[in-house]
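Going by the working numbering, the residue at position 86 of the sequence shown is 91; the numbering climbs one at a time, nothing skipped.
C-beta: ideal position from N, C-alpha, C; glycine also.
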Amino acid sequence: GDFIEAQGHAGTVHSIQIFTTMLKTADNKTIIIPNGPIANGSIINYSSEATRRVDMVFGIGYDDDIDKAKEILKRVIEADSRILKEPAAAVLLAELADSSVNFNVRVWVNAADYWGVYFAMQEAVKKAFDSEGVSIPYPQRDVHLYQAATD
6 GDFIEAQGHA
16 GTVHSIQIFT
26 TMLKTADNKT
36 IIIPNGPIAN
46 GSIINYSSEA
56 TRRVDMVFGI
66 GYDDDIDKAK
76 EILKRVIEAD
86 SRILKEPAAA
96 VLLAELADSS
106 VNFNVRVWVN
116 AADYWGVYFA
126 MQEAVKKAFD
136 SEGVSIPYPQ
146 RDVHLYQAAT
156 D
């Protein structure tokens, strides 16, 4: 069956009966959803098309070289043969966040490769950034302690 999201639940359609629809989750649980709410609500079908776009966000430190990070991201994309050439991948500087400069990375893959590419990209980007000295920041706060003057 198709992999769908309906009524806040996601899974592969196992069966559609008169009153309920049964979904199987990735960890092999069964979700039984009444058909009434499904018929009156939204359904996202993740498997109706042959390809899917993988959307990822990678942050670098404010002191890191933006062009260098962008080139590293492009190299990691090129190295994964599961990533389709068309539509072309996008590496976009998307946000100047509190603790990081964030890139949106969007690549197209065959639907069956979606999660494999997503997880492989996370690991490959981390390793590539580490080996090339690009930092992946995490939220930090400076605490300043002041001592009150005593009279």
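Helix, strand or coil: which one does DSSP assign to residue i?
i	result
residue 66	coil
residue 8	strand
residue 137	coil
residue 87	coil
Quick check on this structure: which residue in the options has the alpha carbon closest to the alpha carbon of residue i?
i	options	result
residue 121	57, 80, 14 and 105	57
residue 50	114, 78 and 10	10
residue 74	90, 55, 86 and 96	96
residue 23	154, 100 and 38	38
residue 118	102, 88 and 36	88
residue 145	102, 42 and 123	102
residue 133	106, 154, 78 and 19	78
Is the beta carbon of residue j closer than 9 Å to that of residue i?
i	j	result
residue 26	residue 45	no
residue 47	residue 7	no
residue 65	residue 140	yes
residue 34	residue 13	no
residue 29	residue 36	yes
residue 115	residue 31	no
Checklist entry - How about the segment 48–62 and the segment 118–134: do they share at least three Cβ pairs that are nearer than 8 Å? => result yes
Item to check | Length at least 3, wholly inside the segment 17–67: the beta strand (DSSP E) runs in chain order | outcome: 25–29, 35–39, 48–50 and 56–65
Next on the checklist: For the segment 98–116 against the segment 82–90, do three or more pairs of beta-carbon atoms, one drawn from each stretch, fall closer than 8 Å, so that the two count as touching?
Outcome noted: yes
Next on the checklist: I'd like the ranges of any beta strand (DSSP E) spanning at least 3 consecutive residues and lying wholly in the segment 90–129.
Outcome noted: 95–101 and 106–115
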